[in-house]
Amino acid sequence: MRILVTGAAGYIGSVVTELLVESGHEVWALDNLQHGHRQAVHPKAHFVALDLRDGASLRELLQALRPEAVVHLAAEALIDVSIRDPGRFYAANVCGGLNLLEAMRIAGTERLVFSSTAAVYGEPERVPIPEEAPLRPVNAYGESKLAFERMLPWYRRAFGLRYVVLRYFNACGATERYGEYHVPETHLIPILFEVALRLRPFVSVYGTDYETPDGTCIRDYIHVVDIARAHLLALEHLDRLEAAIYNLGNGNGYSNLEVIRTVEYVTGRPIPWEPAPRRPGDPARLIASAERIRRELGWEPLYPDLERMVASAWSWRVRHPRGYAP
381 MRILVTGAAG
391 YIGSVVTELL
401 VESGHEVWAL
411 DNLQHGHRQA
421 VHPKAHFVAL
431 DLRDGASLRE
441 LLQALRPEAV
451 VHLAAEALID
461 VSIRDPGRFY
471 AANVCGGLNL
481 LEAMRIAGTE
491 RLVFSSTAAV
501 YGEPERVPIP
511 EEAPLRPVNA
521 YGESKLAFER
531 MLPWYRRAFG
541 LRYVVLRYFN
551 ACGATERYGE
561 YHVPETHLIP
571 ILFEVALRLR
581 PFVSVYGTDY
591 ETPDGTCIRD
601 YIHVVDIARA
611 HLLALEHLDR
621 LEAAIYNLGN
631 GNGYSNLEVI
641 RTVEYVTGRP
651 IPWEPAPRRP
661 GDPARLIASA
671 ERIRRELGWE
681 PLYPDLERMV
691 ASAWSWRVRH
701 PRGYAP
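Residue numbers for the sequence shown follow my numbering, so the first one is 381 and each next one is one higher.
So, in structure tokens, the structure goes:
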């Protein structure tokens with residue numbers, strides 16, 4: 381298929397684009413490069429520098445391309461920033477998302493795979509979290525993602541949109557080509573690598589008084605390749621599914637301190653850490669129930685344990701110690 385990928389220069393977008401290209405699809409990679417990296421776009425993909433908030437240019441692009449499907453990953457995604465500056469998230473994730481849906485409607489593109497987030501659940505009542513759990517975001521990031529999700533049934537009803545929503549948890553890992561690199565870095569595992577590489581003296585652990593066995597947050601980590609494979613499976617089954625929502629995760633939670641110990645083991649280097657106050661909007665536990673996508677699409681993670689995920693990410697970072705920086 382001819383597929384448009386938004387956010388294609390980002391961490392997850394780069395790997396989704398890589399797998400789509402390697403599967404023989406014609407891929408158009410869209411990104412505004414605000415957070416992404418041009419070097420992270422597969423050389424066989426057609427790159428377009430464009431911001432989803434530019435509705436006129438977006439409509440012009442889709443009318444020219446007439447893609448058969450869109451994989452939508454572009455978003456503002458820093459949770460703490462979303463609490464300080466919610467308007468930025470509504471502009472990018474809601475207004476930009478609406479521009480995309482309108483451009484798809486005008487171009488006659490009726491297939492969409494949407495990269496959503498576990499943040500739509502907020503503080504869960506129970507874990508693992510099923511897809512039918514209450515949707516109560518505790519930050520503007522999760523609320524903006526949920527707002528876009530809620531547009532989709534109406535576009536299906538009015539215009540026949542077929543869509544799959546993928547709500548995933550903490551992405552990690554790397555392929556041979558592409559890995560995780562942000563400026564500034566906010567994700568735990570790449571921060572731990574920076575400590576291991578002596579690019580920073582220690583890591584701050586936000587919250588050591590949660591109701592968890594070691595007092596630190598517990599998260600469900602999932603390899604970026606397993607996330608990308610789920611996007612490809614969703615595209616493959618989209619016409620049959622018509623409208624579906626799936627969680628993506630391994631169903632295993634790891635605390636921040638367990639992640640630190642795993643990185644120490646994989647890298648063979650000590651990781652100094654210091655306690656810090658809780659961040660607003662950080663739930664104590666987020667663990668996915670991914671039984672629905674296993675049952676309906678046959679998805680199974682290739683990387684079910686944290687050590688293998690960290691090892692793949694460390695291998696990439698050792699070969700790219702400055703990430704995508706020149």
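Built from N, CA and C at the ideal position, the CB exists for glycine as well.
Predicted, not measured: the structure shown is a model, and the values here were computed from it.
For residue i and residue j, what's the separation of their Cα atoms in angstroms?
i, j, result
"ALA608", "VAL544", "13 Å"
"ALA498", "ARG547", "5 Å"
"MET689", "ARG468", "32 Å"
"ALA449", "ALA487", "11 Å"
"PRO423", "VAL401", "9 Å"
"ALA668", "GLY631", "5 Å"
"VAL451", "GLU490", "12 Å"
"TRP534", "ARG542", "11 Å"
"ALA420", "ALA691", "20 Å"
"GLY477", "ILE383", "17 Å"
"GLU676", "LEU615", "13 Å"
"SER462", "MET381", "35 Å"
"THR596", "VAL605", "27 Å"
Any idea if residue i is buried or exposed, counting beta-carbon neighbours within 10 angstroms, 16 or more meaning buried?
i, result
"ASP619", "exposed"
"GLY678", "exposed"
"GLU523", "buried"
"ALA705", "exposed"
"THR566", "exposed"
"ARG665", "buried"
"SER394", "buried"
"ARG578", "exposed"
"GLU591", "exposed"
"SER403", "exposed"
"ALA538", "exposed"
"ILE444", "According to the sequence displayed, residue 444 carries Ala and not Ile. The residue is exposed, with fewer than 16 neighbouring Cβ atoms inside 10 Å."
What are the boundary residues of the alpha helix (DSSP H) that includes residue i?
i, result
"ARG578", "Counting along the chain, ARG578 falls outside any alpha helix (DSSP H), and DSSP gives it neither H nor E."
"ARG697", "686–699"
"PRO533", "520–539"
"ALA487", "476–487"
"ALA429", "That residue, ALA429, is in no alpha helix (DSSP H); its beta strand (DSSP E) goes 426–429."
Considering only residues of the same chain and omitting the five flanking positions on each side of residue i, which have a CB-CB separation below 8 Å?
i, result
"ARG659", "ILE459, ASP460, TYR586, GLY587"
Within its chain, find whatever has a CB closer than 7 Å to the CB of residue i; leave out the 5 residues flanking it on each side and keep chain order.
i, result
"TYR634", "ILE598, ARG599, TYR601, LEU686"
"GLU644", "PRO650, ILE651"
"VAL646", "GLU687, VAL690, ALA691, TRP694"
Ends of the beta strand (DSSP E) at residue i?
i, result
"VAL493", "491–497"
"PRO655", "653–656"
So, for residue i: in the same chain, excluding its five sequence neighbours on each side, which residues have a beta-carbon less than 6 Å away from its beta-carbon?
i, result
"GLU622", "ARG542"
"GLY502", "ARG516, PRO517, VAL518"
(request) Indicate whether the contact test is met: 3 or more Cβ pairs, each with one atom in the stretch 582–589 and one in the stretch 644–662, closer than 8 Å. (result) Three or more Cβ pairs drawn from the stretch 582–589 and the stretch 644–662 lie within less than 8 Å of each other, which places the two stretches in contact.
(message) With a threshold of 8 Å, are at least 3 pairs of Cβ atoms found where one atom belongs to the stretch 609–617 and the other to the stretch 553–563?
(response) no
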